[in-house]
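A.B. asks:
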Amino acid sequence: MFKEHIKVRFCETDALRHVSNTALAGWFESAREPIFKLFLPSLDVTQWPLILARYSIDFKAQLYYGTEVEVRTEVARIGNSSFELRQQIWQSDTLCAEGMCTMVHFDHTSQRSEPIPEAIKTRLSEHLLTSE
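Residue numbers are given in numbering that gives the first Met the number 0: position 14 of the sequence shown equals residue 13, and the series is strictly consecutive.
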């Protein structure tokens, strides 16, 4: 499991005095960086090997300014050319949001998916989902 701590910014709050739901997609993406580095340690966008095929977010509790959040990322499934991640946002020991996304190993030149190299599959498997 990967864990990232994010300081909630005042600009991420809305008129209802809680974190806007639009901020969470950005937090989830930011917390996927350790996964990106498994595929491309340099993070060189001219050689980017992934695309986001799908994501969903379930909102479970309100989030507030003034208390940092922890984003937890685990691998839920590893396929031939794609994998799924489960991500959770926790604040003050409360699960506030849960997201799922599907990432595809992708060749931008040929515009086709490619098999995930075995060495990367092995590294992804080290972060397989451990809890439901």
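We put the beta carbon where it would ideally sit given N, CA and C, even for glycine.
Rounded to whole angstroms, how far is the Cβ of L127 from the Cβ of V70, which I believe are closer than 8 Å?
C.D. replies: By one-based count along the sequence shown, residue 127 stands at place 128. By one-based count along the sequence shown, residue 70 stands at place 71. L127 to V70, Cβ: 18 Å. No contact.
A.B. asks: How would you write the range of the alpha helix (DSSP H) that S81 sits in, first residue to last?
C.D. replies: Counted from its first residue, the sequence shown places residue 81 at position 82. Segment 81-90 is the beta strand (DSSP E) holding S81; no alpha helix (DSSP H) there.
A.B. asks: Ordered along the chain, which non-local residues of its own chain (more than five positions away) have a Cβ less than 7 Å from that of I133?
C.D. replies: In the structure as shown, the chain starts at 0 and stops at 131, and residue 133 therefore has no counterpart that could be examined.
A.B. asks: If you run the structure through DSSP and keep just helix, strand and coil, what is R122?
C.D. replies: Here residue 122 refers to the residue found at position 123 when the sequence shown is read from its first residue. Note: R122 maps to helix in three-state DSSP.
A.B. asks: Report all residues from its chain with a CB closer than 6 Å to the CB of I88; omit the five preceding and five following residues, and keep chain order.
C.D. replies: Position 89 of the sequence shown holds residue 88. The answer, listed in chain order, is V68, V70, C95, A96.
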